[in-house]
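Asker: Please read through the structure below; I'll follow up with questions.
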Amino acid sequence: MGKAKLEIRELIESDLKTKIDRVWQIGKKEYHTFQESKDSSHQGTVHCETVERNLGWLIPDDEKQKIGQLGLFVMSAAACLHDVGKVPLEYVMYDDHGRESMRRIVDNPQDFGLYEGEALAVGWVVSAHNDGKLDELPENVHIGGESVPVREFAAIFKLADMLDTSYKRVPDSVLKMRYPDGNIPPKLTARKAITGWDIDSQNHIILEAYPKDEIREETAYTACTLMNEEISSVASVLCLLGYPAEFELDIKPYHIEQDLITESRKDRAFLGMASFTEADASRFRGRDADIQKLLGYVTTYPITLLVGESGVGKTSLIQAGLFPKLNGWGWKYAGTRPFDDPAASIGKMVADVLLPPGRMAADTSLIDTLRAVSAEHPSKKVLVAIDQFEDVLNSTDGELTNILRSLLTIQTRTAIPNLKVLIAFRGDLRVELDKRMFKYVVGSVRGLPSIGIVSLDMKGAEDAFIAGFKAAGVGLDATLDEQNEKSLMEIVLDDIEEMRFYPPYIQMVGETLCKHADKYGIVTREAYSKIGGVKRIIAEYLFTLLDEFGEHEEDARKILISLVTSKGTKKSRTVKDIMNETGIAHAQVQSILGDMVDMRMVGSLGSSEYEIIHDYFGEMVSKELMDPADKETKIVLEQFEHAADAYSHRGVIIDSLLMIQAYSLREYLLNYIHSNKNMWKALLAAQFNENGPAWFWLKIIDTNELLSVVFELCAHRDAKIRASAMQTIRDAYMSGNAASKDLSFIRKMLKDSDEHVRQAALEILNEFGGSEDIPLVKEMIRHRRNERLAYKVLKKFGSDDDLPFIREMLVYEHTGWRGGLEALKVISSDNPQFVRDMLKDDSKLVREAALNAMRELGSSDDLPFIRDMLNDNDSYVCIAALEALQELGNSDDILTIFRAMLNSDDWYVRTFASDTIESLHYSSRIQYFRETLKDSPCDVTVPDACNEFVNEFNARKKFVNALNALKKFGNSEDILLIREVLKEGCYLEEWCVYETICETFEVLVGRENISIVQDMLKNGEGGERQAAIVAFKKIGSCDNLQFIREMLNEGNEEVKMAAIEILKELGSSDDLPLIRKMLKDDDGERVPIPLLDVIKELGTEDDLDLLVEDALDPGKDVSLVVETLIALDRILYCPYNPSKIS
2 MGKAKLEIRE LIESDLKTKI DRVWQIGKKE YHTFQESKDS SHQGTVHCET VERNLGWLIP
62 DDEKQKIGQL GLFVMSAAAC LHDVGKVPLE YVMYDDHGRE SMRRIVDNPQ DFGLYEGEAL
122 AVGWVVSAHN DGKLDELPEN VHIGGESVPV REFAAIFKLA DMLDTSYKRV PDSVLKMRYP
182 DGNIPPKLTA RKAITGWDID SQNHIILEAY PKDEIREETA YTACTLMNEE ISSVASVLCL
242 LGYPAEFELD IKPYHIEQDL ITESRKDRAF LGMASFTEAD ASRFRGRDAD IQKLLGYVTT
302 YPITLLVGES GVGKTSLIQA GLFPKLNGWG WKYAGTRPFD DPAASIGKMV ADVLLPPGRM
362 AADTSLIDTL RAVSAEHPSK KVLVAIDQFE DVLNSTDGEL TNILRSLLTI QTRTAIPNLK
422 VLIAFRGDLR VELDKRMFKY VVGSVRGLPS IGIVSLDMKG AEDAFIAGFK AAGVGLDATL
482 DEQNEKSLME IVLDDIEEMR FYPPYIQMVG ETLCKHADKY GIVTREAYSK IGGVKRIIAE
542 YLFTLLDEFG EHEEDARKIL ISLVTSKGTK KSRTVKDIMN ETGIAHAQVQ SILGDMVDMR
602 MVGSLGSSEY EIIHDYFGEM VSKELMDPAD KETKIVLEQF EHAADAYSHR GVIIDSLLMI
662 QAYSLREYLL NYIHSNKNMW KALLAAQFNE NGPAWFWLKI IDTNELLSVV FELCAHRDAK
722 IRASAMQTIR DAYMSGNAAS KDLSFIRKML KDSDEHVRQA ALEILNEFGG SEDIPLVKEM
782 IRHRRNERLA YKVLKKFGSD DDLPFIREML VYEHTGWRGG LEALKVISSD NPQFVRDMLK
842 DDSKLVREAA LNAMRELGSS DDLPFIRDML NDNDSYVCIA ALEALQELGN SDDILTIFRA
902 MLNSDDWYVR TFASDTIESL HYSSRIQYFR ETLKDSPCDV TVPDACNEFV NEFNARKKFV
962 NALNALKKFG NSEDILLIRE VLKEGCYLEE WCVYETICET FEVLVGRENI SIVQDMLKNG
1022 EGGERQAAIV AFKKIGSCDN LQFIREMLNE GNEEVKMAAI EILKELGSSD DLPLIRKMLK
1082 DDDGERVPIP LLDVIKELGT EDDLDLLVED ALDPGKDVSL VVETLIALDR ILYCPYNPSK
1142 IS
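For the sequence shown, my numbering gives the first residue as 2, with consecutive numbering after it.
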C-alpha cells in the first residue's frame, strides 16, 4: 500500500478551510497546552498534528477525494480535539477519555467552533480512539445532504492515533514516575526505542526501533504485541476498507552485542528429522516474523500458546529462535516436555535447569517447584516452555489437576509475577486440550493468547537452504537450464513448494543434496535428476526411518499400508479404521501414529484422522512394503467399501463373487466390518439375497441392533430379501434371542405379496400369536394365501365360532383343503352335531370332509348317518363313507356292507370295496401274496404281462396289493424276496410301484438283516441300493460305520455316493477328513451333492476355507457350493439359529 502524500488540512477549501483553522486555533490555545510536558516531549499540539499527518499518510490520495470536504473536515477536527476529555492535570490518564472528549464536544459544540451536526460526527469518531468499541457507534451521521461514515472514520482514526508511538511521545518524567508494581508500562518504555513507521508491500505496518539496551529491546517486542492486541478491536473494519491492521517490529542494530552462539558445525548443516537447538541459532532462517511475534507474546502475557501442525517447526522456533534472544536479554528459561507423568516431568526438568542440585525433593509439587524457581531468580524474568504439550492427553484427569492448578496460579499474573509459561502443541489436538484442560483456566483455549505458525514461505525456504548449504560448504548449480531458464535452487524450491515448504522436508532434501555434491562442493543438475528430485528424496528418507520402530517395525509397516490404496495413492483413515484393518491394539496404533507424525511420515487431519504425508511416499509404500497378498486384500477391501456405499446410496446388492472373496479374508475384515454399520447392513442384505455368507461377521453385532436392521429389510423391494429377513425374525423369536416380539409388525407382513414372507409371519403367529389373529388368518384363507399354514394357526387358536367359516371354505377344492379338514377335526371335537349337519351340504367336498372327520373323531352314534351317505351320488363321498364305516363299525357289518357295494354302478366304489375285502383276508392268504410276487414279472406295466392276470384288476394293482399284504403281515424272512423284486428292475420311473416296494422293505427290515443291507449297498444297483440306503439309516449303528467308511474307498462312484448319503445322517466329525479329501480331489464341473450335504450337516469352521476355494474355482458350477457355504456359515454363527436354543 505505502504511504500517501497529500495532507488532510491542505485539501480542505473555502468556508470549511476557515472553519478548520479556527478549530485548530481553539484547540492549541484552550486544550493542547494542558497536555504538553515541561521537557517538550511529544504531547499536546505536536501529538494532535502527528495524528493528522498519520491520517494523511494512511488514507490513499484518491480516497481523500472520495471522502469529500466534509469528511476531511471531520477527520482533521477529530485529530485536533480527540484528547480534550483529559482533565487538565499533568500525566494523569483516564481510561475512557475518548468518551469524555465526545461528551464535551457534543455538549458544547460552539466552544470548539463547530455546529451541532459537525460536533456529533467528530464526537463519534473520537469516542472510540482509546478502546476501539465500534459496535456502539452508528454507521453514519447525516449533516445536511451529506453522510459521514463515522464508524469507518473511527477505525482509521484509532490506527492513526496508535501510530504516534515513537520516543518523542514519552516525557522523561513519565519514566521517572513510581508505578504500583514497580515496572514502567512496556508501552511507554518501548516508545523510547521506536523511531517511526512505514507500510510494507504486504500491507503490514513496520515499526522501526533502535533499542539502546536489552530492556528496551524486550519492551519493544512487548509493545508491538500489545499494539496488535489493541488494534484487533477495529481490525475487521480496517481490513474491509483495505487498510493495514497488523504491526511488525524491525529491530535495527545499535551497540548491543547479542549473546548468540554463532559457531557453525559442518556436520549439522542440515538436521534431517532433528530440531534446531540454541547451537544452531546462527543459521536458523526463515522465521524472523514468527520469532518477533513470539518474543512479544512471552514478554507480555503470563501464558502463551504456540500452535501448529506437527513438524512445522515449533520446537526449532523455541530452541533456536526464542531461547537465544531471551539469553541475550538475561532471562532464565527451561525447555520441558510432559512425557508420561506431566507434572512430575515438567517439575523435574525445570528444577534440573533452574535450581541448584538437590534443592527440590522428588515428590515436590509442580507449583512449589515453580515458586522455588521464581524465588531463586527474583530479579530475573523466567520462562518455562512446555513443548509437545499434547502428551498430557495420555494422562488421567487426576494427573492433569497438578498442571491445571499451576496454570491457574500463573494466570493471576501476581502470584508468581516474574514467571511466564509457553505451551506448544499440535493444532489438530486443540479441541481435545480445550475440553480437558484449558477451559478450566480461562473458560476456553480461545481465551489464551495464541500464536499459530505455518510452514515457511518460498523466501523462508530459500533462506533455510542457503544457511544450510553455507554451513556445509556446498553450493547448487547456478547456471540456468535451457528449458525454463531457472537455476537449480529455483527448481528445488518449485519442487518442494508442493510439500508446502515443510521445514523437515527442507532439511531432508538439503542433507541428501549435500551427500551428492561433487568434489568441488557443487550439486549438479545431473546429480539432482539422478537421485529423483524432491519427492523421491523425501520418500526414500522416510523409508529409512522404519528401522527406528525396532520391535514394532512390522506394526508400523501395517499402519503405513493401511494409509494407502491398492494403487498406492494416499487415503485418510481414522485411528479406529486403522485399528480394525490392521488388528493392532488401539493404544499401539496411537503410539505409532504419534511417532510417525513426529517423523513427518504421516500427517494428522484432526478428529483422530491421519494420512500419508504425500502421494509419492504412498506410491513407495505400495511398491516397497505391499506384497501381492497385501494388494489383493486391499483390492477386496476397497471393492467391499465401494459396494457398501453403493448399497447405502443406491440399494445395489453386493455380488456373489465379491462376497466369497471377502469371506476368504473374513478374519482380516472382522473388526473393520463390525465398526462400519453401512458395511454390515450391505452384507446382511447380500446374504438375505443368497449371494454369499455373512453371519461370521455379523455374529459380534449386538443381537438387538442387528435385529432392527433385519426389520428394516422386511421392507426391501426384493421379495427374496424380505422373505429371508422374515425367516430370520422367526428364528430370532423361536430361539429366544430377541428382547421383545413385535407381533403387530408381523401381522402387517401377512399382507406381503410374497408367499415366503407370509409363510414366516404365519409361523411366528402360530408359535406366539393368539385368538386375536384369527380374523387375519381367515382373510388369508379366503384369498388363497398360504392356506395350509393359515389353517394350522386357525386350528391352534380357533373356536366353535370359526366352524361355519371352515365349512364355507371347504366348498372349494384348493391346496389348503386338507388343512381345513385338519382344523375341522380339532375345532369340532366337542361339537359332533355340526359335523353331522355338514353331511347335508350341497357341496360334495364338504360332505367328504365331514365323513373324514367322523372317521377319526366319530362314534357308533354316527353310523346311521354314515350308512345314509353310501347312496351319495359322488363316488368320493361314498368311499369316504366306506372308510368311516370300516373304522367305526364291527367287522361282520362291514363285510356285509362292502360285499353289497361290489354291485355298485361306480367303478371306483367297487374297486375300493374289493380291495378292502381282500385286505381283510391278508393274514390267511400271506403265502399267496408271496407267490404272487415270485411269479409276477417285475415290469408290471408291460401290456403283455397285464394279460396274464385273470383278476378284474390290472397287473399293477395285484402286484401292489401283494406288497401291501406283506407290509402288514410279512416278516424279516420276506426281505430276500423283496430284494429279488428290487433286483429284477422296478426302476424309479415306476414310482408308485417302487415306492411301495421300498416302504415294504423298510417296514420288514431289522437289525438281523444288516448283512443283507450291507451287501445291497455294496453290490446292488439302482433302486436296490437306494432302498438299502434308507434301510441302513433305520437299522445301522456306529458299529456298522466302518463298513460305510470302507465304501468311500470303492472305485464305484455310486457306491461312494451311497456311503456319503448314509454318513450325512449317521456319521460324525471323524468322517470329515475323508469327506474333505474327496471334496478337494473332486475335479468335476459340479461338486457331488451328497458331499456338500455331509459338509452341511457335519461341517465345522475347518470346512469353510475348503468351500470358499471351490466357490472361487472358475472351472466349477459353484451355485450349490455357495448354497452350502451360506448354510454352514448360518449354522455355525447365526445368533438366531433355532438349533442353538439351550
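Idealized CB from N, CA, C, for every residue including glycine.
1. Can you find at least 3 beta carbon pairs, one from the region 97 to 110 and one from the region 118 to 130, that sit closer than 8 Å?
2. If you follow the alpha helix (DSSP H) that Ser-299 is part of, which residue opens it and which one closes it?
3. Run through DSSP, which three-state label would Ala-716 get?
4. If contact is defined by three or more beta carbon pairs under 8 Å, each pair taking one atom from either stretch, is the region 764 to 779 in contact with the region 788 to 798?
5. Using the three-state DSSP reduction, which class does Ala-270 fall into: helix, strand or coil?
6. Could you check how far apart the C-beta atoms of Lys-390 and Ala-425 are, in whole angstroms? I think they sit under 8 Å.
7. In whole angstroms, give me the CA-to-CA distance for Arg-288 and Leu-318.
8. Could you check whether Val-576 and Gly-619 sit closer than 8 Å to each other, using their CB atoms as the reference points?
9. Cβ of Thr-1 within 8 Å of Cβ of Tyr-669?
10. Which residues in the same chain have their Cβ closer than 7 Å to the Cβ of Gly-297, if we skip the five residues on either side of it in sequence?
11. Below 8 Å between beta carbons: does that hold for Val-393 and Lys-333?
12. Thinking C-alpha only, which one of Asp-369, Val-235, Ile-1030 and Gly-329 is nearest Ala-345?
13. With DSSP as the reference, please indicate the residues paired to Lys-333 in a beta bridge.
14. Look at the Cβ atom of Thr-305, then the Cβ atom of Pro-450, and state whether they are nearer than 8 Å.
15. Cβ of Ala-156 within 8 Å of Cβ of Val-238?
16. Let me confirm a value: Asp-364 is counted as buried when at least 16 other C-beta atoms fall within 10 Å, else exposed. Which label applies?
17. Across the region 269 to 280 and the region 343 to 358, are there enough close Cβ pairs to call them in contact, namely three or more that are closer than 8 Å?
18. Kindly identify the DSSP beta-bridge partner or partners of Ser-451.
19. Expressed to the nearest angstrom, what Euclidean distance is found between the alpha-carbon atoms of Tyr-1134 and Arg-558?
20. Which residue wins for smallest C-alpha separation from Gly-533, given the options Leu-547, Ile-523 and Leu-514?
21. Rounded to whole angstroms, what's the CA-CA distance from Gln-203 to Ile-560? Just pull it up for me.
22. Please work out which residues of its chain come closer than 8 Å, Cβ to Cβ, to Arg-819, disregarding the five sequence neighbours upstream and downstream, and give them in chain order.
23. Answer with buried or exposed for Cys-715, where buried requires no fewer than 16 other C-beta atoms within 10 angstroms of its C-beta.
24. What residue range does the beta strand (DSSP E) around Ser-148 cover?
25. Among Leu-477, Pro-1115 and Arg-414, which has the Cα closest to the Cα of Glu-1176?
26. Nearest-angstrom Cα distance between Leu-367 and Pro-357?
27. Could you spell out where the alpha helix (DSSP H) holding Ser-1012 opens and where it closes?
28. Following the continuous alpha helix (DSSP H) through His-143, name the residue where it begins and the one where it ends.
29. Indicate whether Ile-523 and Val-510 have their beta-carbon atoms separated by less than 8 Å.
30. Unbroken beta strand (DSSP E) runs of length 3 or more, entirely within the region 311 to 362: which are they?
31. Is Thr-575 helix, strand or coil when you go by DSSP?
32. Quick one: is Tyr-506 buried, meaning 16 or more other Cβ sit within 10 Å of its Cβ, or exposed?
33. Taking the beta strand (DSSP E) that Ile-467 belongs to, which residues open and close that run?
34. Determine whether the beta carbon atoms of Glu-215 and Gly-331 lie at a separation below 8 Å.
35. Just to confirm my understanding: we take Gly-847, look at its own chain, exclude 5 residues before and 5 after, and list those with CB closer than 7 Å. What are they?
36. Taking the beta strand (DSSP E) that Gly-1116 falls in, what are its first and last residues?
Answerer: Let's see:
1. yes
2. Position 298 of the sequence shown, counted from the first residue, corresponds to residue 299. Correcting the residue type first, residue 299 is Val in the shown sequence and not Ser. It spans 289 to 301 - the alpha helix (DSSP H) in which Val-299 sits, taken as one unbroken run.
3. The residue labelled residue 716 in the question sits at position 715 within the sequence shown. Coil at Ala-716, not helix or strand.
4. yes
5. In the sequence shown, residue 270 corresponds to position 269, counting from 1. Looking at Ala-270 - three-state DSSP - the assignment turns out to be coil, as it is neither helix nor strand.
6. Here residue 390 corresponds to residue number 389 of the sequence shown, with the count starting at 1. Here residue 425 corresponds to residue number 424 of the sequence shown, with the count starting at 1. The question names Lys, but residue 390 in the sequence shown is Phe. About 6 Å separates the two Cβ atoms, so the contact holds.
7. Residue mapping note: residue 288 aligns to position 287 of the sequence shown, counting from 1. Residue mapping note: residue 318 aligns to position 317 of the sequence shown, counting from 1. So the alpha carbons of these two residues sit roughly 7 Å apart.
8. As a working mapping, residue 619 is identified with position 618 in the sequence shown. As a working mapping, residue 576 is identified with position 575 in the sequence shown. Contact flag unset, no.
9. Nothing can be reported for residue 1: it is not among the residues displayed for the chain, which extend from 2 to 1143.
10. Locating residue 297 in the sequence shown gives position 296, where the first residue counts as 1. Closer than 7 Å at Cβ, skipping near neighbours: Tyr-222, Thr-223, Cys-225 and Thr-226.
11. To locate residue 393, count along the sequence shown from 1; it is residue 392. To locate residue 333, count along the sequence shown from 1; it is residue 332. In this structure, Lys-333 does not lie closer than 8 Å to Val-393 by Cβ.
12. Counting from 1 along the sequence shown, the entry for residue 345 is found at position 344. Ala-345 has its Cα closest to that of Asp-369, out of Asp-369, Val-235, Ile-1030 and Gly-329.
13. Within the sequence shown, numbered from 1, the residue matching residue 333 stands at position 332. Note: Lys-333 sits in a beta bridge opposite Val-383.
14. Here residue 305 refers to the residue found at position 304 when the sequence shown is read from its first residue. Here residue 450 refers to the residue found at position 449 when the sequence shown is read from its first residue. Going by C-beta atoms, Thr-305 is nearer than 8 Å to Pro-450.
15. Taking the first residue of the sequence shown as 1, we reach residue 156 at position 155. Taking the first residue of the sequence shown as 1, we reach residue 238 at position 237. Yes, the Cβ-Cβ distance between Ala-156 and Val-238 is below 8 Å.
16. Here residue 364 refers to the residue found at position 363 of the sequence shown. The residue is exposed, with fewer than 16 neighbouring Cβ atoms inside 10 Å.
17. no
18. Taking the sequence shown and counting its residues from 1, one reaches residue 451 at position 450. For Ser-451, which the question treats as bridged, DSSP gives the partners Leu-306.
19. Position 1133 of the sequence shown holds residue 1134. Position 557 of the sequence shown holds residue 558. Going from the Cα of Tyr-1134 to the Cα of Arg-558 covers about 32 Å.
20. Taking the sequence shown and counting its residues from 1, the one referred to as residue 533 is at position 532. It is Leu-514 whose Cα lies nearest to the Cα of Gly-533.
21. Residue 203 sits at position 202 when you count from the first residue of the sequence shown. Residue 560 sits at position 559 when you count from the first residue of the sequence shown. Looking at the two C-alpha atoms, the distance is approximately 43 Å.
22. The sequence position of residue 819 within the sequence shown is 818, counting from 1. Correct list, in chain order: Arg-789.
23. Within the sequence shown, the letter at position 714 stands for residue 715. Cys-715 comes out buried.
24. For this step, residue 148 is matched to residue 147 along the sequence shown. Its beta strand (DSSP E) spans residues 147 to 149.
25. Because the chain spans 2 through 1143 in this model, residue 1176 falls outside it and cannot be assessed.
26. Taking the sequence shown and counting its residues from 1, the one referred to as residue 367 is at position 366. Taking the sequence shown and counting its residues from 1, the one referred to as residue 357 is at position 356. For Leu-367 and Pro-357, the distance between alpha carbons rounds to 16 Å.
27. The residue you call residue 1012 lines up with position 1011 of the sequence shown. Taken as a continuous stretch (DSSP letters only), the alpha helix (DSSP H) holding Ser-1012 covers 1011 to 1020.
28. If you number the sequence shown from 1, residue 143 lands on position 142. Taken as a continuous stretch (DSSP letters only), His-143 belongs to no alpha helix (DSSP H), being part of the beta strand (DSSP E) at 142 to 144.
29. Locating residue 523 in the sequence shown gives position 522, counting from the first residue. Locating residue 510 in the sequence shown gives position 509, counting from the first residue. Against a cut-off of 8 Å, the Cβ pair of Val-510 and Ile-523 comes out as no contact.
30. Counting whole runs of 3 or more residues, the region 311 to 362 contains the beta strand (DSSP E) stretches 333 to 337.
31. As a first step, residue 575 is located in the sequence shown; it is residue number 574 there, counting from the start. Strand, per DSSP.
32. Translated into the one-based positions of the sequence shown, residue 506 becomes position 505. Classification for Tyr-506: buried.
33. As a working note, residue 467 is residue 466 in the sequence shown. Looking at the DSSP string, Ile-467 is not in any beta strand (DSSP E); the run it does join, the alpha helix (DSSP H), is 459 to 473.
34. Position 214 of the sequence shown, counted from the first residue, corresponds to residue 215. Position 330 of the sequence shown, counted from the first residue, corresponds to residue 331. Cβ distance < 8 Å, so Glu-215 and Gly-331 count as in contact.
35. Position 846 of the sequence shown, counting from 1, holds the residue named residue 847. The sequence as given places Val at residue 847; Gly does not occur at that position. Answer for Val-847: Arg-808, Leu-811, Val-812 and Met-839, listed in chain order.
36. Sequence index remark: in the sequence shown, residue 1116 carries index 1115 (1-based). Boundaries for Gly-1116: no beta strand (DSSP E) harbours it, and the DSSP string shows neither H nor E there.
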